[in-house]
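Worksheet for the structure shown next.
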Amino acid sequence: MTDRDYVVKAADAGAGKVSLLQEDPVRYLLRAVGAGMGLTIVVFTFWVLKQNLHDISMGAVIASGFFGVGLMIIVFTNTELFTSNNMYLTVSSHEGRTSWPQAGLLWISCYFGNFAGAIF
Numbered sequence: 069m070t071d072r073d074y075v076v077k078a079a080d081a082g083a084g085k086v087s088l089l090q091e092d093p094v095r096y097l098l099r100a101v102g103a104g105m106g107l108t109i110v111v112f113t114f115w116v117l118k119q120n121l122h123d124i125s126m127g128a129v130i131a132s133g134f135f136g137v138g139l140m141i142i143v144f145t146n147t148e149l150f151t152s153n154n155m156y157l158t159v160s161s162h163e164g165r166t167s168w169p170q171a172g173l174l175w176i177s178c179y180f181g182n183f184a185g186a187i188f
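Under my numbering, the sequence shown has 91 at position 23, and the numbering climbs by one with no breaks.
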């Protein structure tokens with residue numbers, strides 16, 4: 069696979085995210101809320117492990133491993149995380165598959181969805 073193929077795949081993903089937001093905004097927002105909830109649960113798990121394993125030499129390493137678990141949850145549940153949407157929409161807008169105003173609207177929607185999930 070060439071570098072250009074990766075760019076095309078990222079642009080396709082960004083266009084798909086904008087399409088989902090336009091066609092079914094409730095579903096998109098629920099996916100964004102789900103990502104915020106999943107990552108927040110993992111961060112709380114990290115804090116609990118860090119506090120309870122502070123006497124073990126590898127305690128911090130074990131606790132830190134749960135961040136990867138959070139990212140796997142987001143990938144496997146197909147939820148929308150603000151940071152990954154920054155990459156996809158930047159590529160798709162740069163390639164002309166989406167517009168910059170569409171990217172901005174999606175970023176705002178995703179950010180507040182992730183925030184709502186974290187608060188919830």
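For each residue, glycine too, the CB sits at the ideal point set by N, CA and C. Values in this document were obtained by computation on a predicted structure and should not be read as measured data.
Give the list of continuous alpha helix (DSSP H) stretches no shorter than 4 residues that lie fully inside the stretch 86 to 135. 93 to 120
Look at Leu174 and Leu89 and say whether their C-beta atoms are less than 8 Å apart. For the purposes of this step, residue 174 is taken as the residue at position 106 of the sequence shown. For the purposes of this step, residue 89 is taken as the residue at position 21 of the sequence shown. Their beta carbons are under 8 Å apart, which means Leu174 touches Leu89 by this criterion.
Under a CB-based cut-off of 8 Å, is Leu149 close to chain B? The structure shown contains no chain B; it holds only a single protein chain.
Any idea what DSSP makes of Asn146, helix, strand or coil? Translated into positions along the sequence shown, residue 146 becomes position 78. Correct three-state label for Asn146: coil.
Note down the Cα distance separating Asn182 from Phe188, rounded to an integer number of angstroms. Reading the sequence shown from its first residue, position 114 is the one you call residue 182. Reading the sequence shown from its first residue, position 120 is the one you call residue 188. C-alpha separation (whole angstroms): 10 Å.
If you draw a straight line from the C-alpha of Leu157 to the C-alpha of Ile176, how long is it? Numbered from its first residue, the sequence shown carries residue 157 at position 89. Numbered from its first residue, the sequence shown carries residue 176 at position 108. In a straight line, the C-alpha of Leu157 is about 12 Å away from that of Ile176.
Is it right to say Val159 is buried, meaning 16 or more other beta carbons lie within 10 angstroms of its own, or is it exposed? Position 91 of the sequence shown, counted from the start, is the residue given in the question as residue 159. Buried: at least 16 other Cβ atoms inside 10 Å.
Whether Ala103 touches Gly172 by CB criterion (8 Å): Mapped onto the sequence shown, residue 103 falls at position 35. Mapped onto the sequence shown, residue 172 falls at position 104. Not closer than 8 Å, so no.
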